[in-house]
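Chemist: Just dropping this structure here.
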Amino acid sequence: MSEMRVVGVRVELPANQPILLLRETEGERYLPIWIGSVEATAIALEQQGVRPARPLTHDLLKEVIGSLGRELEQVVITDLREGTFFAELVFDGDVRVSARPSDSVALALRVGVPIHAEASVLEEAGLIIPDEQEDEVEKFREFLDSVSPEDFRGADT
């Protein structure tokens, strides 16, 4: 099992499909996971430190877990079957709850727990991006961090 870090969420064109991109913390493999737009927004908002006026579902779940006296210890991406990724929320007492990876990552970011991927998942779906492409990924990420929606508005005529 490998610990993963969230690189970010990107939109794959032309389908406009969000992709969650994870990378091994002590390795060179990336794990791309296609996710829904709602979960992509929840992950991106948390990464950017944006606090919505009202709590999102993942914020609510974090509060419910704490109110019930439980502790989320980690998130594990456990399997890949027929193109679908599976994950588990691992709580204290080794209580495990099946969940979608996108929801699991959104919750892990809010709680501050590690994200892991089983070796079999990385062997099947992990990608090694050559250095020159990795530089492009980093440049793209820096660009996204530096722009705002206003930058894409046309001049008023």
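Per full-length UniProt numbering, the very first residue in the sequence shown carries number 1; after that it's consecutive.
All C-beta atoms in this analysis are idealised placements derived from N, C-alpha and C, irrespective of residue type, glycine included.
Nothing here was measured: the structure is a model prediction, and the numbers come from that model.
#1: Do His-58 and Ala-108 count as a contact pair if the criterion is CB distance below 7 Å?
#2: For Glu-88, which residues from the same chain have a beta carbon less than 8 Å from its beta carbon, with the 5 sequence-adjacent residues on both sides left out?
#3: Would you identify the three-state DSSP class for Gly-49, choosing helix, strand or coil?
#4: Out of Glu-12, Leu-13, Thr-25 and Arg-10, which has the shortest C-alpha to C-alpha gap to Ala-117?
#5: Leaving out the 5 sequence neighbours to the left and right, which residues in its chain are closer than 7 Å to Leu-61 when beta-carbon positions are compared?
#6: Going by CA-CA distance only, name the one from Arg-110, Ile-115, Ala-125 and Val-121 that's closest to Gln-47.
#7: Does the Cβ of Ser-67 have 16 or more other Cβ atoms within 10 Å, making it buried, or fewer, making it exposed?
#8: Closest by CA to Leu-80, which one among Leu-13, Thr-41 and Pro-32?
#9: Does the beta-carbon distance from Ile-35 to Ser-102 come in below 7 Å?
#10: Using 7 Å as the threshold, is the C-beta distance between Leu-21 and Gly-8 below it?
#11: Compare the C-alpha of Glu-12 against each of Ser-2, Ala-40 and Phe-85 and name the closest.
#12: If we require 4 or more residues per run, which alpha helix (DSSP H) segments fall completely within the stretch 106–131?
#13: Secondary structure at Leu-61, three-state DSSP: helix, strand or coil?
#14: Taking the straight line between their C-alpha atoms, what separation do you get for Leu-56 and Val-64?
#15: Using only CA atoms, which one of Glu-3, Arg-10, Leu-72 and Gly-27 lies nearest to Val-90?
Modeler: On the basis of the data shown:
#1: The residue given as residue 108 occupies position 108 in the sequence shown. The residue given as residue 58 occupies position 58 in the sequence shown. For Ala-108 and His-58, no; Cβs fall outside 7 Å.
#2: Indexing the sequence shown from 1 puts residue 88 at position 88. The answer, listed in chain order, is Val-75, Val-76, Thr-78, Arg-96, Val-97, Ser-98, Ala-99 and Ser-104.
#3: The residue given as residue 49 occupies position 49 in the sequence shown. Coil at Gly-49, not helix or strand.
#4: Reading the sequence shown from its first residue, position 117 is the one you call residue 117. Comparing Cα-Cα distances from Ala-117 to each of Glu-12, Leu-13, Thr-25 and Arg-10, the minimum goes to Thr-25.
#5: On the sequence shown, residue 61 is found 61 positions in, with the first residue counted as 1. Leu-107.
#6: In the sequence shown, the residue the question calls residue 47 occupies position 47. Closest option to Gln-47, Cα to Cα, is Arg-110.
#7: Residue mapping note: residue 67 aligns to position 67 of the sequence shown, counting from 1. It counts as exposed.
#8: By 1-based counting over the sequence shown, the position of residue 80 is 80. That would be Pro-32, whose Cα lies nearest to the Cα of Leu-80.
#9: Locating residue 35 in the sequence shown gives position 35, counting from the first residue. Locating residue 102 in the sequence shown gives position 102, counting from the first residue. A contact, by the Cβ cut-off of 7 Å.
#10: Translated into positions along the sequence shown, residue 21 becomes position 21. Translated into positions along the sequence shown, residue 8 becomes position 8. Contact: yes.
#11: Here residue 12 is taken as the residue at index 12 of the sequence shown, counted from 1. Checking every option, the nearest Cα to that of Glu-12 belongs to Ala-40.
#12: 119–125
#13: One-based indexing of the sequence shown puts residue 61 at position 61. Secondary structure of Leu-61 (DSSP, three-state): helix.
#14: Sequence index remark: in the sequence shown, residue 56 carries index 56 (1-based). Sequence index remark: in the sequence shown, residue 64 carries index 64 (1-based). For Leu-56 and Val-64, the distance between alpha carbons rounds to 12 Å.
#15: As a first step, residue 90 is located in the sequence shown; it is residue number 90 there, counting from the start. For the residues Glu-3, Arg-10, Leu-72 and Gly-27, the minimum Cα distance to Val-90 belongs to Leu-72.
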